[in-house]
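Some notes on the structure that comes next.
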Amino acid sequence: MEELLKKSNEKLIQENRKLREKLNQYEKVYPPKECPICGYKGIEFLPFSNIIHKEVMCPACYSHDRHRALWLYIKENKEFLKDGNRILHFAPEIIFKDLFTSNDVEYHAVDLNPGLYTFADEIVDIQDIPYEDNYFDFILCSHVLEHVPDDNKALSELYRVLKPGGTALILVPLNGVSYNLPYDESKTVENDEYNTPELRKKHYGQHDHLRLYGSDFKDRILNSGFEIESTDFIKNLGLETIERYALVRNDKIFECKK
Ligand SMILES: [Zn+2]
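In structure tokens:
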């Protein structure tokens with residue numbers, strides 16, 4: 479009996495070792511994916527709506543690739559969360575709440591129409607920000623401007639309330655990155671005739687977007703007074719990190735300085 483047990487134990491250990499080897503080989507080809515925000519580990523992220531990148535949403539915390547990239551950015555640039563800093567966050571995602579409120583910063587979570595995945599302590603129209611000039615050290619405005627009627631006014635308002643030396647992170651969905659619509663990717667598409675949810679979805683990619691940004695979006699930023707320090711934070715993370723966190727290599731985080 480004892481001999482039999484010993485044998486079956488050895489067999490189990492052997493099988494276990496073989497499985498481990500197989501798993502190691504598999505992980506070399508398909509390294510496990512990871513969410514830096516919630517710690518999810520698994521073989522995949524989920525697609526979302528008609529966004530061309532297929533691994534958008536974290537199955538555990540519902541973060542999108544851009545949130546994971548922003549999370550890594552803020553973790554790498556901790557000076558933004560320095561005690562006493564004033565932070566303005568538009569359309570604030572709930573998954574960022576703890577990150578921003580765990581420090582002794584003056585954090586303003588603002589939105590005009592808080593949605594399902596956002597929260598807001600203040601109702602603010604980005605085209606008319608109720609704060610004095612040069613007030614904020616750090617501004618985060620991700621995927622907001624495509625919903626705003628006068629985005630140039632919004633950009634000049636962001637510029638106005640940012641302190642000299644401060645940083646604004648601005649992200650928008652870009653044609654050729656988020657969507658693959660049949661337009662010249664260097665030019666923003668904006669047409670008064672696309673005025674129904676159906677037409678907007680068809681031409682701009684989403685029913686409530688008011689334009690489809692091309693790579694000329696940077697000119698709107700520059701025209702508002704900002705300098706663009708960098709756009710390539712994600713690309714510069716390197717392929718291994720990009721794949722592990724299912725980021726989009728050619729997506730741009732516009733790091734804007736005043
Ligand atoms: Zn997650």
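Residue 533 in the working numbering sits at position 55 of the sequence shown, and the numbers go up by one each step. C-beta atoms are modelled at their ideal positions from N, C-alpha and C, and glycine is treated no differently. Owing to the predicted nature of the structure, the values given are computational and were not obtained by experimental measurement.
Relative to the non-hydrogen atoms of ligand 1, the Cβ of SER541 comes within a distance shorter than 7 angstroms of at least one. Per DSSP, reduced to three states, the secondary structure at GLU557 is helical.
For ALA547, the shortest C-beta to heavy atom distance toward ligand 1 is 7 angstroms or greater. The shortest CA-to-CA distance from SER708 to any of ILE648, ILE491, ASP543 is the one to ILE648. If you check the CB distance, PRO570 and ALA598 come in under 8 angstroms. Per the C-alpha coordinates, the member of GLU676, ARG727, GLU554 positioned closest to GLY654 is ARG727.
Per DSSP, reduced to three states, the secondary structure at ALA547 is helical.
When distances are taken from the beta-carbon of CYS734 to the heavy atoms of ligand 1, even the shortest one reaches 7 angstroms or more. Each residue's CA atom was taken as its position, placing PHE526 and PHE558 some 30 angstroms apart. Between LEU566 and LEU633, the alpha-carbon positions lie close to 14 angstroms from each other.
For VAL626, the closest of PHE614, THR596, LYS680, TYR691 by C-alpha to C-alpha distance is TYR691. If the five residues before and after LYS641 are omitted, its C-beta is found closer than 6 angstroms to the C-beta atoms of ASN612, ASP615, all from its own chain and listed in chain order. For HIS586, the closest of GLU624, ILE573, GLN605, TYR609 by C-alpha to C-alpha distance is TYR609. Boundaries around THR645 are those of the beta strand (DSSP E), 640-649, since no alpha helix (DSSP H) includes it. For LEU566, the uninterrupted beta strand (DSSP E) segment begins and ends at 564-568. Between HIS687 and GLU635, the gap from beta carbon to beta carbon reaches 8 angstroms or more.
With a cut-off of 7 angstroms, the C-beta of CYS619 is classified as distant from ligand 1, since no heavy atom of the ligand falls inside that distance.
Closest in C-alpha terms to LEU659, from the list GLN605, HIS621, ARG638, TYR682, comes TYR682. The nearest non-hydrogen atom of ligand 1 is less than 7 angstroms from the C-beta of ILE515. Taken atom to atom, the span from the alpha-carbon of ILE607 to that of VAL639 is near 8 angstroms. Less than 8 angstroms separates the beta-carbon of ILE515 from that of HIS545. The shortest CA-to-CA distance from LYS665 to any of ASP694, ALA646, LEU524, GLU676 is the one to ASP694. Set against 7 angstroms, the gap from the CB of ALA598 to the closest heavy atom of ligand 1 is not smaller.
In terms of Cα proximity to ASP589, the closest of ASP603, PHE578, SER580 is ASP603.
Between PHE732 and the set ILE706, ASN714, GLU718, the nearest pair of CA atoms involves ILE706.
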